[in-house]
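Here is the structure we will look at.
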Amino acid sequence: MEIAELIIEANNGSAAAQKYLFDLLADKMMLVCRRYLKSREDAEEVLLDGFYKFFKGLNTFKYQSDAALIAWLKKIIINECLMFLRKKNVFNMVTESAAEEIAFEEDALNNLSASEIFNLLAQLPVGYRTVFNLYVIEGMEHKEIAVLMGISDGTSKSQLSKAKSLLQKMLLQNGVEYAQRKTK
1403 MEIAELIIEA NNGSAAAQKY LFDLLADKMM LVCRRYLKSR EDAEEVLLDG FYKFFKGLNT
1463 FKYQSDAALI AWLKKIIINE CLMFLRKKNV FNMVTESAAE EIAFEEDALN NLSASEIFNL
1523 LAQLPVGYRT VFNLYVIEGM EHKEIAVLMG ISDGTSKSQL SKAKSLLQKM LLQNGVEYAQ
1583 RKTK
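Take the sequence shown: its position 148, counted from the start at 1, is 1550 in the numbering used here, and no numbers get skipped.
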């Protein structure tokens, strides 16, 4: 069955169509949640809340393509993640003192897997990680991020810069440790 048909059936209250759509899209959206939230349990909670809003709002969605549907759902999920973080009041911005100087090998990053890099992203402070995700991954502008997070454009730019710096240092440190483990 095509997604366009599933949307119509799900909008008409078909639990089977809703389950099929959930099963089809949940893994992709869980990855989005995990980019913003450290805890798997929190990510699962937000995922379910996001799908609830998705199904509740299906009557307002005009199907144009599968990509448009996924983009709309992704926007809902991201907004749910941001609301969750706001409720937890974890948007505290941290200073550069969190990033310390680290020596590194030039090719250390070549030894890291995607999952190791993902884990390093998850270690970023919440404010850094959130701005990094919104700007680098989602492609939002600083003005949009500022509105979503209730911060100034300058704070968004600063948090992105600090996130990149800290992430680079963490990546390099992890790469050195990984390279040293492989040579032992």
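Beta carbons are placed, not taken as given, at the ideal position from N, Cα and C, and that holds for glycine.
Can you tell me the Cα-Cα spacing of residue i and residue j, whole angstroms?
{"i": "A1548", "j": "K1477", "result": "16 Å"}
{"i": "E1411", "j": "K1566", "result": "44 Å"}
{"i": "L1568", "j": "S1554", "result": "21 Å"}
{"i": "Y1438", "j": "G1541", "result": "15 Å"}
{"i": "Q1570", "j": "S1441", "result": "23 Å"}
{"i": "S1515", "j": "I1539", "result": "18 Å"}
{"i": "S1416", "j": "A1445", "result": "26 Å"}
{"i": "E1443", "j": "S1467", "result": "31 Å"}
{"i": "A1470", "j": "E1482", "result": "18 Å"}
{"i": "N1414", "j": "L1427", "result": "19 Å"}
{"i": "A1406", "j": "L1484", "result": "29 Å"}
What residue from the options has the CA that sits closest to residue i's CA?
{"i": "K1564", "options": "G1552, K1545 and T1532", "result": "T1532"}
{"i": "L1449", "options": "S1560, L1526 and K1430", "result": "K1430"}
{"i": "K1455", "options": "Y1465, C1435 and I1479", "result": "I1479"}
{"i": "W1474", "options": "A1524, A1417 and G1452", "result": "G1452"}
{"i": "K1489", "options": "M1551, K1458, N1461 and Q1525", "result": "M1551"}
If you reduce the DSSP assignment to three classes, tell me which class residue i lands in.
{"i": "S1416", "result": "coil"}
{"i": "G1552", "result": "coil"}
{"i": "S1567", "result": "helix"}
{"i": "L1658", "result": "The requested residue 1658 is not part of the displayed model; the chain covers only 1403 to 1586."}
{"i": "M1542", "result": "coil"}
{"i": "F1457", "result": "helix"}
{"i": "L1427", "result": "helix"}
Buried or exposed: where does residue i fall if 16 or more other Cβ atoms within 10 Å of its Cβ makes it buried?
{"i": "L1433", "result": "exposed"}
{"i": "S1558", "result": "buried"}
{"i": "Q1420", "result": "buried"}
{"i": "R1436", "result": "buried"}
{"i": "F1534", "result": "buried"}
{"i": "F1520", "result": "exposed"}
Would you say residue i touches the ligand PLP, meaning its beta carbon is less than 7 Å from a heavy atom?
{"i": "N1521", "result": "With respect to small molecules bound, the structure shown includes none, and the ligand PLP cannot be examined in it."}
Could you tell me whether any Cβ in chain D is nearer than 8 Å to the Cβ of residue i?
{"i": "L1427", "result": "Absent from the structure: chain D. Only one protein chain is present."}
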